[in-house]
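Visitor: Protein chains in written order, with my numbering: chain A, 697 to 1158; chain B, 15 to 497; chain C, 1363 to 1768.
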Amino acid sequence: MVAVSSGPPRVLGHPRGGAATLAFDDQQPPDPALIADCVHCGFCLPACPTYLLWGEEMDSPRGRILLMDLAARGQVGMEREVVQHWDACLGCMACVDACPSGVQYNRLIEQVRPQVERRFARGWRDRASRAALFALLPHPRRMRTVASAVAVTQALGVRKALRVRGLQRLVPKTLRRLDDMAPSLRFAELSTQAPRHLTPVGPRAMRVALVTGCVQDAFFAHVNRATGRVLAAHGCEVLVPPAQSCCGALELHSGRERPALQRMRNLIGQMEALDVDHVVVNTAGCGSAMKEYGALLADDPFWAARAASFAARVRDVTELIADLEVQLPFRLHALPARVAYHDACHLAHAQGVRIQPRSVLGRIPGLELVDLRESDVCCGSAGIYNLVAPQAADDLGNRKAAHVIASGAQLLAAGNGGCLLQIQAALRRAGHPLPVVHPVELLDASIRGLPVTQLLDGSRHR
Amino acid sequence: MLDRALIDRLRDAVGSEGIITSPAAVQTYACDGLTGRRVSPAAVVLPRTTEQVAQAVRACAEANVPFVARGAGTGLSGGALPVADGVVIGLSRMRTILAIDLENQQVTVQPGVTNLEVSKAVRPLGYFYAPDPSSQQVCTIGGNVAENSGGAHCLKYGFTTHHVLGATFVTARGEVAHLGGAVRDTAGYDLLGVVVGSEGTLGIVTEVVLRIVRVPESTETLLAAFSTMGDAGEAVSRIIAAGITPAAIEMMDRLAIQACEEIVHAGYPDCGAALIVELDGPGVEAEAFLREVIAICSASGATETRVAATEAERALIWKARKAAFASMGRISPNYYVQDGVIPRTRLRDVLESISALSATYGLRVANVFHAGDGNLHPLVLYDGSEPGAGERALELAGLILESCISAGGSITGEHGVGSDKACYMPKMFSPGSIAVMGRVRDAFDPGDLCNPGKALPTPRLCGEVPGMYRPHAIEVAGLAERL
Amino acid sequence: MTVSTAQELHLFSELVGSAHVRTAETDDAVGGVVPSLVVTPGDEGEVASVLSAATARGLSVVARGGGTKIDWGSPPEQCDVVLSTARIEGIVEHEPADLVCVVRAGSTLSVVQEQLAAAPGFQQRLMLDPPHSTAATIGGVMATAASGPLRTRFGTPRDLVIGASFVLSDGTRGRSGGKVVKNVAGFDVAKLLVGSLGTLAVITEVAFRLHPVPAASRTVLFESRSPGDLCEFAMRVGRLQVTPSVVDLHWPRGMVVARFDSSEEGAAVQAERVVDACGGRILAADEAAALTGALSREPWTESGSVGAIAVLPSRIGQFLSSMSATCDAIALRPLLGTGEVRFPPEAVEMVRSALRATGGRLMIRRGAAAPAGEPDDAVALELMRSVKQQLDPARTLSPGRQVGGI
């Protein structure tokens, strides 16, 4: 598996305020105490996907922390030679798990990114791409419109025709990539109203609210519906508020702090009034951000307590299902298939949720969970990473696809929409377009007695 | 600053994607696992093949610029500390396992392959690579060769030098030699034997043929708790005297156990000293030895003995031990890990002197060590923000080292001399011995460009401590005189 | 006696005492070259003065212990003085609880073993069993890297040495390593000296790691007239979950001997496991002792050329099949691919080409013109020359005996 990229993508831009200015301002710069926790032991290196790709110190957690230290001391400025390495960080947090000294790298990179956004003037192309992405992605309604358009073009089979060169050039590269990664969509599904309330099957075990997301709702509406059904089947009364705000994860992980925090407040506002035991989410990236709301809004006197109480109720769907010891009022139908499970970074590393999805899949009769090498190495999706750093993302995606193919799996399951898109695209490139599904879809199929062939040939999507 | 011409030659050797010159980026290579001293190199090159390494070295040699090889940069003696205005040659991109020859029990790897990767590659086939330093998931084979690394299991299985059969070696002039090989008993001098453990000062290894060993049929791991280090030490002596060769015997004191427990939660008992004894071999043999070891521990005053019942339990016991150094970060803002060896029979009195020194200096010392071969790792804990604390910690560590030497031991069991302990070499070796080592070095690197200033003492580094006098090239050329 | 020899005899007598200098006889020849004098210094200090005096006068010196392997290596270009280590003997230190001993280089191996075994309360030995051990000295074993059947488990002197003291031709006295097994301080010069054929330094003291003498032993004997079957048996033993100390193959006796040293139970179980899985039979203790004794002298017993061979273990079968007719005696360590063969002197080229065909090498130990071996790699050879140039620039010590005429 030879990587095509040999280093991080080049970043264009310059330090705002000129070369002599300090890298960081005083708004929550990377905490020197956290930086000092790093003893330079290097245990993080083999866990870091960018170190796996490029083998250079600057693109390892240890190197990135060192750059933060140099920047904090004024020994380097917010130069592009420094920013490119922070930008290249996927935010996968595999290093946090690997670190024996307990360095909170996740907090550090979260503190660095807004600094970069404020203190580094990106090149105009980069700015335009990012602006376009963030004008689209965190907006569920806009996303649904785009998804419908994509679905129509897919149905009409005119996608190839639309790749007219002149036209293409008008669209920023990042959006073109987004288009490339779009899954097969059914217009009919997109235009149907999603149920806003589901009654539990059998006695009510608890009441939950389901987060529908932004990209998730556009490209994975079917996963949201399967989630609702599965929760209901397990005795949950499910509330699905309409017109939900995006949770802010994408912007948070890209350093766009203010808009991210605003979205968080919106979502909390929409959900907190609901009398529910848990707020359930089926996308790892969102779930991990939401569990952090308390910490992220800790300095906001009006929101701190509300955010904390909200965050405490957040659960990933597989977490919840695994913990529910419910005597299902029906039997699970067999789904004889070999499934490889990919650990989404924001589920495994950020939330520590590894065993639960596997145990949930283990309940499905006939389903064989095959061994997937490097199952918890990032697939390269990483929020908008695969849109702004396509070569690096593709290298990681190809590495993941090769492992999936080698595992002999017939299906790939992962608990994050971004991962599903990324891995699906990589498998397609490798000539092995295996179906990719959310674990909850498998459980849903098993509950409903859907034939496994429907999943294997992806026909439920066409 | 490097000469433009040299930078161009290096770029020709490794490609523009293989050379790093930006001032910010080269600073990330300024130290290895020993963070006390940092020196930024002028450039870093990251070759991918033996030929690229050779070309890079040739370019440096012809420009008379020193170079330092680097693996994963996890060494604890500053062996990969760059030379100012010099080049770092990083082997991290040469990380392919080239061949696995099970029939002949050999594996050929590039130097950037991590130690653990080798074992992982052959474990499913029933073999493993025996030397297992605690940093094995990140440290590289190239680094292991440079330091002659050991690990907990070297008591029974030996060190890197016992497991290296051959190597492709780039000399300090940039020529490629093949030392040893897959077939044993190469004619002539055992150059491979002197290269292993030479701390990267004789040349750069770019391919290594390693010997792999059968995974033993049975492994028994015992955790025994004692009230004092003395009791635990007594048990170790009796185990050895009984003619048992365990695969590993490790000891940790109360402070070390506390720190490890904070991270790993392996459920170690709260005690004055804990022993981990691992026995492996054919089933019956391992079981018989285990019974004997348990009896010896009890007879030596063990307050508790626990045998790992599953693979997971065993892994957890070792996880705690292997996290020992890094876990010090939890109980102290700073720490300095020392590496000294003493004859096993002197364990009790050296431990006593360490605790006396610790009391005198008012600095805590946690003890973790390979009790089976007398290799101590006292961890001197201090708070760097206190003025003078760092220097006192270093002083204390130095005195500990001197007591190791006077007990008939060594200044380093596995971390190497590097830049850290070069000045202690004259306390362990006579001027004649050091002169001989210097001559061996001169045979390989007459230009003193290959990781200069490491392993052997130099007057500049060591101040008044006498070391060999090596005239600088400028002096030799008669252009300047040392005043 | 020539005038210069008389002068030299006087000179060395001043350094070591006239009782310890004599004129040489034909028996003192080294590789066919008869020296003028035999000098026997009493300690390391005298070794140093003898060597520096010899170097100052441009004399060549060959160190000799028991003389059992004095003809290993090419004949010396020049040999004026034989420096005997006979008086530099005895155990300097033996700490049984540390399993370490320091021995003077002129000590006879068998005497050392007896003394080590006599330590009260401990049973331990140096796990080396090279040929001619009743006369071979520690220094000679080091200089030739000699080993025997125990190599299968314990390696060569290189794997057992933890430190050495030595004297260079200019009288510099040095030491490397130490007295503790785990030690990475300084360059491992001792490794350079192992197998150096006395061309770099005169070894005066060696520190070794010791091993406990096992409680019990079991020997399995497998007999066959088929070389292929013999190799197959050995390889299968190598794949089983057993830890043999010895796996030796002998031809034309048609035997593989596998010995297991452990506790009583451990040795018995391992031997039984081998017999069950691979065949052969377990020998009674006296049978085993007698056989071991007889085999230990192979293949040196009768006249003929003797060579040490090395191939990949996987090619042992091929080698054995091609040489079973040519060689008069073969003693191999199949799991390592090393061993010795005895053959009529005129067959040397056949043996050499058989080895080349299997990717191996031959090093003559006795008989035919005995070059030290062929250099494998030109760059490595240059490094070896540099090492020689640095440690013995005057070429005092055994000049021309090493590979490439070093």
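A virtual CB, placed ideally from N, CA and C, is assigned to each residue, including glycine. Because the structure is a prediction, the values reported are computed rather than measured.
1. State the DSSP-derived secondary structure class of W820/A, mapped to helix, strand or coil.
2. Rounding to the nearest angstrom, what Cα-Cα distance links A1085/A and A1004/A in this structure?
3. CB-CB under 6 Å to I414/B, same chain, minus the five flanking residues each way: which ones, in chain order?
4. Starting from W750/A, trace the alpha helix (DSSP H) in both directions and tell me its first and last residue.
5. Start and end of the alpha helix (DSSP H) containing V67/B?
6. What does a CB cutoff of less than 6 Å around K170/B pick up in its chain, not counting 5 residues either side in sequence?
7. Just the Cα atoms here: how many angstroms apart are E1451/C and R1763/C?
8. Quick one: any contact between the segment 1474–1490 of chain C and the segment 1427–1436 of chain C, if contact means 3 or more CB pairs under 8 Å?
9. Cβ of L1445/C less than 7 Å from any chain B Cβ?
10. If you draw a straight line from the C-alpha of R1466/C to the C-alpha of A1481/C, how long is it?
11. Quick check: what's the CA-CA separation for P1606/C versus Q1632/C?
12. Flag this pair as touching only if the segment 1399–1418 of chain C and the segment 1523–1539 of chain C have three or more C-beta atom pairs under 8 Å; answer yes or no.
13. Where does P1032/A land, buried or exposed, given buried means 16+ other C-beta within 10 angstroms?
14. Consult DSSP for Q1477/C and reduce its assignment to one of helix, strand or coil.
15. By the 10 Å Cβ neighbour count, where 16 or more other Cβ atoms means buried, how is V1444/C classified, buried or exposed?
16. State the DSSP-derived secondary structure class of L1490/C, mapped to helix, strand or coil.
17. The segment 149–164 of chain B: which residues have C-beta closer than 9 Å to a C-beta of chain A, in chain order?
18. Give me the chain B residues within the contact set of V1609/C, using Cβ-Cβ distance strictly less than 7 Å, ordered along the chain.
19. Cβ closer than 9 Å: which chain B residues qualify as neighbours of R1757/C?
20. Applying a beta-carbon distance threshold of less than 8 Å, which residues of chain B neighbour V1699/C?
21. Can you tell which of S1469/C, I1678/C, V1637/C has the C-alpha that lies nearest to the C-alpha of G1722/C?
22. Establish whether the CB of Y203/B and some CB of chain C are separated by less than 7 Å.
23. Using a Cβ-Cβ distance under 7 Å, would S1760/C count as near chain B?
24. Please state whether the Cβ-Cβ distance between A39/B and Q69/B is less than 7 Å.
25. With 16 as the cutoff for other CB atoms within 10 Å, does R496/B come out buried or exposed?
26. With a threshold of 7 Å between beta-carbons, can A1410/C be considered close to chain B, or not?
27. With a Cβ-Cβ cutoff of 7 Å, do P836/A and Y801/A count as a contact?
28. Closest by CA to E752/A, which one among H167/B, R62/B, E76/B?
29. May I ask which residues mark the beginning and end of the beta strand (DSSP E) holding P460/B?
30. Of all the CB atoms in chain B, is at least one closer than 7 Å to the CB of T1534/C?
31. How close, in whole Å, do the beta carbons of L1130/A and L1123/A come, if the pair is a contact with beta carbons under 8 Å?
32. Helix or strand or just coil, what does DSSP make of W332/B?
33. Can you grab the Cα-Cα spacing for the pair C168/B / P1576/C, in whole Å?
34. If you reduce the DSSP assignment to three classes, tell me which class A113/B lands in.
35. Could you give the residue range of the alpha helix (DSSP H) that holds N158/B?
36. Cα-Cα, which of D115/B, T242/B, H279/B, S424/B is closest to I356/B?
Guide: On the basis of the supplied data:
1. One-based indexing of the first sequence puts residue 820/A at position 124. Note: W820/A maps to helix in three-state DSSP.
2. Here residue 1085/A corresponds to residue number 389 of the first sequence, with the count starting at 1. Here residue 1004/A corresponds to residue number 308 of the first sequence, with the count starting at 1. Rounded to whole angstroms, A1085/A to A1004/A spans 34 Å at the Cα level.
3. Numbered from its first residue, the second sequence carries residue 414/B at position 400. The answer, listed in chain order, is Q352, I368, P392.
4. On the first sequence, residue 750/A is found 54 positions in, with the first residue counted as 1. 745–750 is the span of the alpha helix (DSSP H), which, as asked, contains W750/A.
5. Mapped onto the second sequence, residue 67/B falls at position 53. V67/B -> alpha helix (DSSP H) spans 64–76.
6. For the purposes of this step, residue 170/B is identified with residue 156 of the second sequence, where counting begins at 1. Once the five neighbours on either side are set aside, the close Cβ partners of K170/B are T259, A261.
7. Position 89 of the third sequence, counted from the first residue, corresponds to residue 1451/C. Position 401 of the third sequence, counted from the first residue, corresponds to residue 1763/C. The alpha-carbon atoms of E1451/C and R1763/C are separated by roughly 25 Å.
8. no
9. Against the third sequence, residue 1445/C aligns to sequence position 83. L1445/C does not count as touching chain B.
10. As a first step, residue 1466/C is located in the third sequence; it is residue number 104 there, counting from the start. As a first step, residue 1481/C is located in the third sequence; it is residue number 119 there, counting from the start. Going from the Cα of R1466/C to the Cα of A1481/C covers about 18 Å.
11. Within the third sequence, the letter at position 244 stands for residue 1606/C. Within the third sequence, the letter at position 270 stands for residue 1632/C. Answer to the nearest angstrom: the Cα atoms are 8 Å apart.
12. yes
13. Position 336 of the first sequence, counting from 1, holds the residue named residue 1032/A. The residue is exposed, with fewer than 16 neighbouring Cβ atoms inside 10 Å.
14. In the third sequence, counting from the first residue as 1, residue 1477/C sits at position 115. Helix at Q1477/C.
15. The residue given as residue 1444/C occupies position 82 in the third sequence. When all chains shown are included, V1444/C counts as buried.
16. In the third sequence, the residue the question calls residue 1490/C occupies position 128. Of the three classes helix, strand and coil, the one that applies to L1490/C here is coil, per DSSP.
17. S149, Q151, V152, C153
18. As a working note, residue 1609/C is residue 247 in the third sequence. Simply none; closest approach about 13 Å.
19. As a working mapping, residue 1757/C is identified with position 395 in the third sequence. Ordered by position in chain B, no residue passes the 9 Å Cβ test against R1757/C, which lies about 15 Å from the chain.
20. Translated into positions along the third sequence, residue 1699/C becomes position 337. A small fix is needed here, since residue 1699/C is Gly in this sequence, not Val. Simply N118, V197, R198.
21. Against the third sequence, residue 1722/C aligns to sequence position 360. Selected option, being the one with the closest Cα: I1678/C.
22. One-based indexing of the second sequence puts residue 203/B at position 189. It does: the Cβ of Y203/B has a partner Cβ on chain C nearer than 7 Å.
23. What you label residue 1760/C is simply residue 398 of the third sequence in a count that begins at 1. No, its Cβ sits nowhere closer than 7 Å to a Cβ of chain B.
24. Stepping through the second sequence from its first residue, residue 39/B is reached at position 25. Stepping through the second sequence from its first residue, residue 69/B is reached at position 55. The answer is no: Cβ separation not under 7 Å.
25. Taking the second sequence and counting its residues from 1, one reaches residue 496/B at position 482. Any reading at R496/B needs caution, since the residue's pLDDT is 40, under 50, leaving its predicted position unreliable; the model's value is listed next. Answer is exposed; the Cβ neighbour count stays below 16.
26. Along the third sequence, read from residue 1 onward, the residue named residue 1410/C stands at position 48. It does not: the Cβ of A1410/C has no partner Cβ on chain B nearer than 7 Å.
27. Position 140 of the first sequence, counted from the start, is the residue given in the question as residue 836/A. Position 105 of the first sequence, counted from the start, is the residue given in the question as residue 801/A. No; because the gap between Cβ atoms is not below 7 Å, this pair is not in contact.
28. What you label residue 752/A is simply residue 56 of the first sequence in a count that begins at 1. Closest option to E752/A, Cα to Cα, is R62/B.
29. The residue given as residue 460/B occupies position 446 in the second sequence. Counting along the chain, P460/B falls outside any beta strand (DSSP E), and DSSP gives it neither H nor E.
30. Counting from one through the third sequence, the residue named residue 1534/C turns up at place 172. Chain B, which has a Cβ nearer than 7 Å to the Cβ of T1534/C, makes this yes.
31. Along the first sequence, one-based indexing puts residue 1130/A at 434. Along the first sequence, one-based indexing puts residue 1123/A at 427. Going by Cβ atoms, the distance from L1130/A to L1123/A rounds to 5 Å, so yes, they are a contact pair.
32. Here residue 332/B is taken as the residue at index 318 of the second sequence, counted from 1. Three-state result, W332/B: helix.
33. Locating residue 168/B in the second sequence gives position 154, where the first residue counts as 1. Locating residue 1576/C in the third sequence gives position 214, where the first residue counts as 1. Looking at the two C-alpha atoms, the distance is approximately 20 Å.
34. Indexing the second sequence from 1 puts residue 113/B at position 99. A113/B: strand per DSSP, three-state reduction.
35. Numbered from 1 along the second sequence, position 144 holds the residue referred to as residue 158/B. First-last of the alpha helix (DSSP H) with N158/B: 155–161.
36. Within the second sequence, numbered from 1, the residue matching residue 356/B stands at position 342. Among D115/B, T242/B, H279/B, S424/B, the Cα nearest to that of I356/B belongs to S424/B.
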